[in-house]
Amino acid sequence: MRTTNFNPDDLERRLEGQPLRQLPPEWRDEILTAARAAARPRVAALEFRAPPWWRTVFWPNPVAWAGVAAAWVAILILNQAGRWEPLTSSAGVRSSSPGLGVALIEHRRQLNELLEVPAAESAPTPAPASPAPRGAPPDQPHCVI
Amino acid sequence: MAAPRDLARWYDEHAQALFAFLLNLTRNEADTRDLLQALFVKLATRPDLLDAVRDERGFLLRMAHNLAVDLVRRRDTRARNYEAFAAEAVAVFAPAADADEQVFRARLTEALGELPVEQRAVVHLKLWEGLTFEAIAELLDVPLNTAASRYRYGLDKLRERLRPLYEEIR
Chain D
149 MRTTNFNPDD LERRLEGQPL RQLPPEWRDE ILTAARAAAR PRVAALEFRA
199 PPWWRTVFWP NPVAWAGVAA AWVAILILNQ AGRWEPLTSS AGVRSSSPGL
249 GVALIEHRRQ LNELLEVPAA ESAPTPAPAS PAPRGAPPDQ PHCVI
Chain U
-18 MAAPRDLARW YDEHAQALFA FLLNLTRNEA DTRDLLQALF VKLATRPDLL
32 DAVRDERGFL LRMAHNLAVD LVRRRDTRAR NYEAFAAEAV AVFAPAADAD
82 EQVFRARLTE ALGELPVEQR AVVHLKLWEG LTFEAIAELL DVPLNTAASR
132 YRYGLDKLRE RLRPLYEEIR
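Line order of the protein sequences matches chains D and U.
One rule links them: number in the working numbering = place in the first sequence (from 1) + 148.
For the second sequence, position 34 matches number 15 in the working numbering, and the numbering has no gaps at all.
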């Protein structure tokens, strides 16, 4: 065998002299960028813990909140439309359209002009309701004009 | 968060040594890159780690070793086959122009891969980082005698494995 001249120290020296593989240069930017980016989200996470108040209020279910808002809008519209109802009922006329109400007001204004009633008195004032006699039958309607 | 210049300086001064050490331990380039990145992420998020350290290189090599060991433990399936996996052909050394030298480096790479990870770590730190046994023992958190005996066993195996080739090409 050719092992008689083998010197361990020679081998160690030879091994020490073996150049190690070089680090790929493109890793530098990739690794440093990734390291810096990984350190950044901790700050972002802290900022995220304090969202705007409106997000806190509405966030759990924005669709439900939108539904509530739509319901309120519908209620307001219906309320506006129903404003004509007391005027027509006080006039003793059932009106289902706003145009009829306007015509009635105009008619009343012209009537007041003809009768020379002051403007302050033009608004219809309900007559004080006289108490019904105790013995009066309940099915007789009270007609107030 | 570490100042960008500190992180870059640490990389420029130590990444080559860390890369070679990790590559020799993991025998896998992708794992080496992941571990190297994990190490620098740790430094970026906890720069105070190096505040009271006098031997930056030794400390970083220790971090690299711990990360490599954690990787082995985490991947159970791979850990079982780690020794076989380590014998896979991965270029640990720089390519050589001379054909005989290239063959020697390839055989050395294979022989290193056949060593247990603990022995390979000690052999690497002694031969290619030039550390003393005291420094290696401290770095790997093992007794001095353990570090020395791991080196002796590892070198004996390398010698046995490389003897025919070494005699042939010397």
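All residues carry an ideal CB built from backbone N, CA and C; glycine is no exception.
For a contact defined as C-beta to C-beta under 8 Å, what are the partners of residue i on chain U?
i: Pro167(D); result: Phe74, Ala75
i: Glu294(D); result: With chain D covering only 149 through 293, there is no way to say anything about residue 294(D).
Determine whether the Cβ of residue i lies closer than 8 Å to any Cβ atom of chain U.
i: Glu164(D); result: yes
i: Gln228(D); result: no
i: Ala219(D); result: no
Give me the chain D residues within the contact set of residue i, using Cβ-Cβ distance strictly less than 9 Å, ordered along the chain.
i: Tyr132(U); result: What Tyr132(U) touches in chain D: nothing, since even the nearest Cβ is about 10 Å away.
i: Ala(-11)(U); result: Arg176, Leu180
Got a sec? Which residues, its chain only, sit under 6 Å from residue i by beta carbon, not counting five neighbours each side?
i: Leu112(U); result: Leu106
Checking contacts by CB at 8 Å: is residue i closer than that to chain D?
i: Ala1(U); result: yes
i: Val50(U); result: no
i: Gln83(U); result: no
i: Arg18(U); result: Looking at the sequence itself, residue 18(U) is Gln, so the reference to Arg does not match. Yes - at least one Cβ of chain D is within 8 Å of the one on Gln18(U).
i: Arg101(U); result: no
i: Ala80(U); result: no
i: Arg140(U); result: yes
i: Arg86(U); result: yes
i: Leu143(U); result: yes
In chain D, which residues lie less than 8 Å from residue i when you measure between Cβ atoms?
i: Ala45(U); result: The premise fails here: Ala45(U) is roughly 13 Å from chain D at the closest Cβ pair, so nothing lies under 8 Å.
i: Phe21(U); result: Ile179, Leu180, Ala182, Ala183
i: Asp25(U); result: Note that residue 25(U) is Ala in the sequence shown, not Asp. Near Ala25(U) (Cβ distances below 8 Å), the residues of chain D are Ala183, Arg184, Ala186, Ala187.
State yes or no: is the C-beta of residue i nearer than 7 Å to some heavy atom of the ligand NAP?
i: Arg140(U); result: The ligand content of the structure shown is nil, which means the ligand NAP is not present either.
Exposed or buried, residue i, counting other C-beta atoms within 10 Å across all chains shown (16 or more means buried)?
i: Val98(U); result: buried
i: Asn227(D); result: exposed
i: Leu41(U); result: buried
i: Arg133(U); result: exposed
Which residues in chain D sit within 7 Å of residue i, going by Cβ to Cβ distance?
i: Arg14(U); result: Trp175
Spatial neighbours of residue i within its chain, please: C-beta separation below 8 Å, excluding the five flanking residues on both sides.
i: Glu37(U); result: Trp(-9), Glu(-6), His(-5), Leu31
i: Lys23(U); result: Leu30, Met44
Could you work out which residues of chain U lie near residue i, taking near to mean beta carbons separated by less than 7 Å?
i: Leu171(D); result: Ala(-4), Gln(-3), Phe0
inquiry  = Contact between the stretch 159 to 179 of chain D and the stretch -11 to -1 of chain U is defined here as three or more beta-carbon pairs at a separation below 8 Å; is this criterion met?
reply    = Result yes; three or more Cβ-Cβ pairs closer than 8 Å.
message = Within 8 Å, do at least three Cβ pairs link the stretch 47 to 55 of chain U to the stretch 72 to 82 of chain U?
response = The stretch 72 to 82 of chain U is not in contact with the stretch 47 to 55 of chain U.
task = Flag this pair as touching only if the stretch 160 to 174 of chain D and the stretch 0 to 7 of chain U have three or more C-beta atom pairs under 8 Å; answer yes or no.
result = Flag = yes, the stretch 160 to 174 of chain D and the stretch 0 to 7 of chain U touch.
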